[in-house]
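To start, the structure itself, in structure tokens.
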Amino acid sequence: MSPTDLAAEFNESFKCCVNDPLFIDRFYELFLSSSGEVKLMFKDTDMETQKAMLHISMAYMTKSHEKKSEILLKIANSHNKNNLNIRPHLYSLWLDSLVSAAKSINHDFDNNTEKLWRTCLQPGIDLMISRYQVV
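With the working numbering as the guide, the letters of the sequence shown map in order to residues 10 to 144.
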């Protein structure tokens, strides 16, 4: 399956999740409880704005296989050590929380769907991590 086909299949699965109003709340519940470090980082965050930003970021994350989108690069740079300082190890917690939230919302979410999500999102995560040290 081509990267474009994988992204299309992921997007269909993602739509099933985001159409459930509990999905984003469940994700943040899981993510914030995954680590004291994560919880502290979101201490003063406007969560309604954060939830809206997640939708936008996800759209760019799944397109990272095409070419490095300027917008995704801006997002990655805003998360580097000189800005939001999102440390590289936190991305695995983010992905695990996202997958767990999807599993809890979409009862058709099986091992193949999980692999699809991880495959589609990993290049974007890799880009985010690669920009951590960039000044």
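Every residue, glycine too, gets a C-beta built ideally from N, C-alpha and C.
Using a Cβ-Cβ cutoff of less than 6 Å, which residues in the same chain neighbour residue i once the five nearest sequence positions on both sides are dropped?
i: A111; result: C26 and F118
i: I95; result: H88
i: D2; result: This structure gives no information on residue 2, because the portion of the chain shown stretches from 10 to 144.
i: S70; result: First, the residue type needs correcting, since residue 70 is Met and not Ser in the sequence shown. Only L130 and G133 meet the Cβ criterion.
i: S219; result: The structure shown does not extend to residue 219, since the chain is modelled only from 10 through 144, so no value can be given for it.
In chain order, what residues of the same chain have a beta carbon less than 7 Å from the beta carbon of residue i, not counting five sequence neighbours either side?
i: L15; result: L125, T128 and C129
i: F19; result: T71, L125, W126 and C129
i: F58; result: Per the sequence shown, residue 58 should be read as Thr rather than Phe. Around T58: no qualifying Cβ.
i: K24; result: none
What residue from the options has the CA that sits closest to residue i's CA?
i: M56; options: L99, R35, S44 and Y69; result: R35
i: Y37; options: N28, K48 and D29; result: K48
i: L63; options: M50, S44 and I84; result: I84
Using a Cβ-Cβ cutoff of less than 8 Å, which residues in the same chain neighbour residue i once the five nearest sequence positions on both sides are dropped?
i: T122; result: S22, A111 and N115
i: L41; result: V47, K48 and F51
i: Y141; result: H88, N89, K90, I95, R96 and P97
i: N86; result: N92, R140 and V143
i: L82; result: L136 and R140
i: M10; result: E18
Please tell me whether, using a cut-off of 7 Å, the distance from the CB of residue i to the nearest non-hydrogen atom of the ligand HEM is below it.
i: W126; result: As far as ligands go, the structure on display features none, and thus does not contain the ligand HEM.
Rounded to the nearest angstrom, how far is the Cβ of residue i from that of residue j, given a contact under 8 Å?
i: L104; j: I134; result: 6 Å
i: I184; j: K60; result: As displayed, the chain neither begins before 10 nor continues past 144, which places residue 184 out of reach and without an answer.
Report yes if the CB atom of residue i is closer than 8 Å to the CB atom of residue j, and no otherwise.
i: S44; j: L93; result: no
i: L31; j: S106; result: no
i: L67; j: Y100; result: Correcting the residue type first, residue 67 is Met in the shown sequence and not Leu. Against a cut-off of 8 Å, the Cβ pair of Y100 and M67 comes out as no contact.
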